[in-house]
Amino acid sequence: MIELPVIPANQAQRRPNWLRVKLPVGKEYANVRGLVDTHKLHTICESGNCPNMGECWGAGTATFMILGNICTRSCSFCAVATGRPLAVDLDEPNRVANSIKLMSVKHAVITSVDRDDLKDGGSIIWAETIRAIRRESPETTMETLIPDFRGIWDNLYRVCEERPEVISHNIETVKRLTREVRIQAKYDRSMEALKRISEFGIRTKSGIMLGLGETEADVIETMQDLADTGVHILTLGQYLQPTKNHHPVIDWIHPDQFAKYKEIGQDMGFKYVESGPLVRSSYHAEKHLFDQVR
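FYI, the numbering for the sequence shown is 19 to 312, going by my numbering.
Here it is in structure tokens:
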């Protein structure tokens, strides 16, 4: 077995060369950039400084966050504020749908904070947002990146019943590190959510961040668990520490290791495996609507 390079973060204060990105360019990117600035629209692509923003916007894909910007959970990897969220904005579905129409988004990725403070977990706003987008932009396809709804499956099914083209729920890290990285989440509960989505007959997607201290065996175990639950699409990317108060980067994972995981995932039967240092959950999201020809 050939050992692939992994650079411990404490031995490399600067990010490796393979984490450098090109400045976003292109007519489509410039068009979306202009609309976002002119109309003060909000996308996670921009607020999260996603390295793939130019590529995704150029392909007509954008990611929006609903249910506010304060999360009821405090995951150690996430920069979203934790606290007591504001009241639900009942007009939000219409505003998101209008933004998508204005931006001429071909494929919309919708995500949200966790709203454990709500009996419905935010699932009513989720369903209304999907319906509003379909009403305003019937040609726009959707991926919904949803929480686990604390295992209250009626709330999960409320989203499933709207049948977005893809439903995603990120496992985020390997089983061994879940309690450390996703403090209020449960590995088995997330796997159960993914299994139920897949059994509902909807294309199912999940993602893993690497560089948090996991081993190759940990990653392969989690990949196999995801494959066994019926997940169709898998993304693997390098974790980047948002601030010094968040979980540190333990390792910089080399592109060759990501390529190895991609090959392993394809052998496991995933329809798509997006695996690379700069891959994020919505990377190439518009391509995940169709079966990959391999």
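Ideal Cβ placement from N, Cα and C applies to all residues, glycine included.
The structure presented is a predicted model; accordingly, all values stated were derived computationally and were not measured.
As DSSP reads the structure, Leu254 sits in a beta bridge with Ile226 and Ser293.
With 16 or more other CB atoms across the displayed protein chains lying within 10 angstroms of its CB, Asn173 is buried. The three-state reading of DSSP puts Arg221 in strand, counting E and B together. With 16 or more other CB atoms across the displayed protein chains lying within 10 angstroms of its CB, Gly140 is buried.
In the DSSP assignment, Trp36 falls outside any beta strand (DSSP E), carrying neither H nor E. The straight-line gap separating the alpha-carbon atoms of Ser130 and Ala235 is approximately 31 Å. Between Glu281 and the set Pro260, Leu252, Arg153 and Val177, the nearest pair of CA atoms involves Leu252. A residue is called buried when at least 16 other Cβ atoms come within 10 angstroms of its Cβ; Gln256 meets this threshold and is buried. Burial check for Arg102: the Cβ neighbour count within 10 Å stays below 16, so the residue is exposed. It is roughly 20 Å from the alpha-carbon of Glu232 to the alpha-carbon of Ser92.
Looking at the DSSP output, Leu163 bridges to Thr129 and Ser186.
For Asp166, the CB contacts under 7 Å within the same chain, skipping 5 residues up- and downstream, are His187, Ala203, Arg207, Ser208 and Ala211 in chain order. The residue from Gly287, Ile128, Lys223 and Gly225 with its alpha-carbon nearest to that of Val114 is Ile128.
Residue range Glu234 to Thr247 is occupied by the alpha helix (DSSP H) that includes Thr240.
Taking a C-beta distance under 7 Å as the contact criterion, Thr191 and Asp134 do not qualify as a contact pair. Here DSSP, grouped into helix, strand and coil, assigns Phe82 to strand. Within 10 angstroms of the beta-carbon of Leu230 lie 16 or more other beta-carbons, which makes it buried.
Assigned with DSSP and collapsed to three states, Thr90 falls in coil, not helix or strand. Here Thr162 is actually not in contact with Lys124; their C-beta atoms are around 16 Å apart, not less than 8 Å.
Nearest C-alpha to Ile268 among Phe95, Ile84 and Asp138: Phe95.
A direct Cα-to-Cα measurement between Lys278 and Val237 gives close to 11 Å. For Asp269, the enclosing beta strand (DSSP E) begins and ends at Asp269 to Ile271.
Per the coordinates, the alpha-carbon of Ile220 lies some 16 Å from the alpha-carbon of Ala126. Burial state of Arg32 is exposed, judged by a 10 Å Cβ sphere holding fewer than 16 other Cβ atoms. Using a Cβ distance threshold of 7 Å, Phe276 and Gly294 count as a contacting pair. Counting along the chain, no alpha helix (DSSP H) covers Pro103, and no H or E run does either. With fewer than 16 neighbouring CB atoms inside 10 Å of its own CB, Asp285 falls in the exposed class. The three-state secondary structure of Gln284, taken from DSSP, is helix. Listed in chain order, the non-local C-beta contacts of Ile142 below 6 Å within the same chain number zero, local neighbours out to five positions each way being set aside. Note on geometry: alpha-carbon atoms of Asn116 and Glu154 lie some 7 Å from one another.
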